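K.L.:
In order, the protein sequence lines correspond to chains P and Z.
Just so you know, my numbering puts 60 at position 60 of the first sequence, and the rest follows in order with no gaps.
Just so you know, my numbering puts 1083 at position 83 of the second sequence, and the rest follows in order with no gaps.
Quick one: the structure is below, and I'll ask about it shortly.
2 protein chains.
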Amino acid sequence: MILKSMLNYQMPLDLAFHALADPARRAMVERLSRGPASVSDLAKPLAMSLPAVMQHLQVLESSGLVRSEKVGRVRTCRVEPKALGVVAEWVARRRASWEQQFDRLGAYLAAHPEEPNAKKD
Amino acid sequence: MILKSMLNYQMPLDLAFHALADPARRAMVERLSRGPASVSDLAKPLAMSLPAVMQHLQVLESSGLVRSEKVGRVRTCRVEPKALGVVAEWVARRRASWEQQFDRLGAYLAAHPEEPNAKKD
C-alpha cells in the first residue's frame, strides 16, 4: 500500500522524466524555454513531419511540461514552468544530498590527516 | 546527418532521463545520494525482490547515474555525481532561459504601463 501511494504521488515526475528522455522532445523544450512558438516553428529545426511533432507535443502536454493553445489556424506552445520546476527541484535535492556526503568525507579526511588509508573503504 | 549526430551526442541524457522516469529507480538514487548502500539495503524500503532491484540497478548503471562494485558477497552501489550533474545542468539551463523570458516580459510591462493590452501581442 505504501508503494502504491508513492507511485500515485510520483506520477508527475514519471511523466516529466519520460517526456525528457527523448532528444526531439528536449529540443522542443529548449526552444520553448526561450519563448512561445507555433508547432511549425518547433518542427523546422527537427527535420520532422508535423504529425511526428504533434505526437511529441502530446507527450509533452500530458507530462505538464508544455501547454498549447489554438487561435485561428495557429497552435502556440509554451513551456509550463511549474512542471519543469518540480524536475529541477528533485534533481537539486539529490545533488545537495551527495554534495553534503562529499563534504562530510572531506571534513573527516581533514580531521584525520594521520590516516592516509582512511579514503580506501 | 545533423539530427543523427545530435542523437549520438544526447544519448547520455536520454538514458539518464529514462532511468529517472521510474519511481523505484528514483527511490534508489535518493537513497544512494545520501551514501553508498548494498543491493539488499536498496531493496528493503521498496518491498521488491532482489532480482527486481538488480534489474533496476542495471538500468541505473547503464545510464551512468550509479555504479556498483562487488567485494566478497556484497555489491555496494554509489551514485555517480557526474551523470546526475549533466541532468541538473540541462534542467538548470532551461529554467534560466524561461526565467529570463519572464524577466523580459516583466521589464516590458513595467516600461509600458500605459498599454494594458501589451501582453496580448
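Beta carbons: idealized from backbone N, C-alpha and C, even for Gly.
Keep in mind that this is a model prediction, so the values were computed, not measured.
Going along chain P, which residues have a C-beta under 7 angstroms from P1081 of chain Z?
P.N.:
Within 7 angstroms Cβ-Cβ: W98.
K.L.:
For the beta strand (DSSP E) containing K974 of chain Z, list its first residue and its last residue.
P.N.:
Since the displayed chain Z opens at 1001 and closes at 1121, residue 974 of chain Z lies outside it and no answer follows.
K.L.:
Closer than 8 angstroms by C-beta to R1025 of chain Z: which residues in its own chain qualify, once you throw out the five before and the five after it? Chain order, please.
P.N.:
Cβ neighbours of R1025 of chain Z beyond the five flanking positions: A1019, H1056, V1059 and L1060.
K.L.:
Please name the residue in Z:D1041, Z:V1091 and Z:V1087 whose C-alpha comes closest to that of K82 of chain P.
P.N.:
Considering only alpha carbons, the answer is Z:V1091.
K.L.:
Give the range of the alpha helix (DSSP H) segment to which R1094 of chain Z is assigned.
P.N.:
R1094 of chain Z -> alpha helix (DSSP H) spans P1081 to A1111.
K.L.:
Apart from the five residues on each side of it in sequence, which residues of its chain come closer than 7 angstroms, Cβ to Cβ, to M1011 of chain Z?
P.N.:
Once the five neighbours on either side are set aside, M1011 of chain Z has no close Cβ partner at all.
K.L.:
Can you name the residues of chain P whose CB is closer than 7 angstroms to the CB of A1110 of chain Z?
P.N.:
Simply none; closest approach about 18 angstroms.
K.L.:
With a Cβ-Cβ cutoff of 8 angstroms, do D14 of chain P and P1023 of chain Z count as a contact?
P.N.:
A contact, by the Cβ cut-off of 8 angstroms.
K.L.:
Counting only beta-carbon separations shorter than 8 angstroms, does E1069 of chain Z have a partner in chain P?
P.N.:
Taking Cβ atoms only, chain P never reaches closer than 8 angstroms to E1069 of chain Z, which makes this a no.
K.L.:
Let me check understanding here. Comparing Cα to Cα, which of Z:D1103, Z:S1097 and Z:R1078 lies closest to R137 of chain P?
P.N.:
A question about residue 137 of chain P goes unanswered here, because the residues of chain P that appear run from 1 up to 121.
K.L.:
V71 of chain P bridges to which residues according to DSSP?
P.N.:
P:V74, per the DSSP bridge assignment.
K.L.:
Assuming M28 of chain P and L50 of chain P make a contact with CB atoms under 8 angstroms, what is their CB distance in whole Å?
P.N.:
Actually they do not touch by this definition, with Cβ atoms about 13 angstroms apart.
K.L.:
Nearest by alpha-carbon distance to L65 of chain P: which of P:S40, P:Q101, P:R31 and P:P113 is it?
P.N.:
Of the candidates P:S40, P:Q101, P:R31 and P:P113, the one whose C-alpha sits nearest the C-alpha of L65 of chain P is P:R31.
K.L.:
State yes or no: is the beta carbon of D103 of chain P nearer than 8 angstroms to at least one beta carbon in chain Z?
P.N.:
Cβ-Cβ to chain Z under 8 angstroms: no for D103 of chain P.
K.L.:
Using a Cβ-Cβ cutoff of less than 7 angstroms, which residues in the same chain neighbour L84 of chain P once the five nearest sequence positions on both sides are dropped?
P.N.:
Here the set comprises L65.
K.L.:
Exposed or buried, what is S40 of chain P when buried is set at 16 or more other beta-carbons lying within 10 Å of its beta-carbon?
P.N.:
Counting Cβ neighbours within 10 Å, S40 of chain P comes out exposed, since fewer than 16 surround it.
K.L.:
What distance in whole Å lies between the Cβ atoms of S1097 of chain Z and R34 of chain P, which are believed to be in contact at a cut-off of 8 angstroms?
P.N.:
Contact flag correct, Cβ pair sits at about 5 angstroms.
K.L.:
When Cβ atoms are compared, which residues of the stretch 11 to 28 of chain P fall closer than 9 angstroms to chain Z?
P.N.:
If the cut-off is 9 angstroms between Cβ atoms, the stretch 11 to 28 of chain P has M11, L13, D14, L15, A16, F17, H18, A19, L20, A21, D22, P23, A24, R26 and A27 near chain Z.
K.L.:
What are the residues that DSSP puts in a beta bridge with A21 of chain P?
P.N.:
Per DSSP, none; premise fails for A21 of chain P.
K.L.:
CB S38 of chain P to CB V71 of chain P, shorter than 8 angstroms?
P.N.:
In this structure, V71 of chain P does not lie closer than 8 angstroms to S38 of chain P by Cβ.
K.L.:
Using alpha carbons as the reference points, say which of Z:A1047, Z:V1086 and Z:P1036 lies closest to T1076 of chain Z.
P.N.:
Taking only the C-alpha atoms, the option nearest T1076 of chain Z is Z:P1036.
K.L.:
In terms of residues, what are the limits of the alpha helix (DSSP H) holding P51 of chain P?
P.N.:
Per DSSP, P51 of chain P belongs to the alpha helix (DSSP H) from L50 to S63.
K.L.:
Is the Cβ of A1088 of chain Z closer than 8 angstroms to any Cβ of chain P?
P.N.:
Closer than 8 angstroms: yes.
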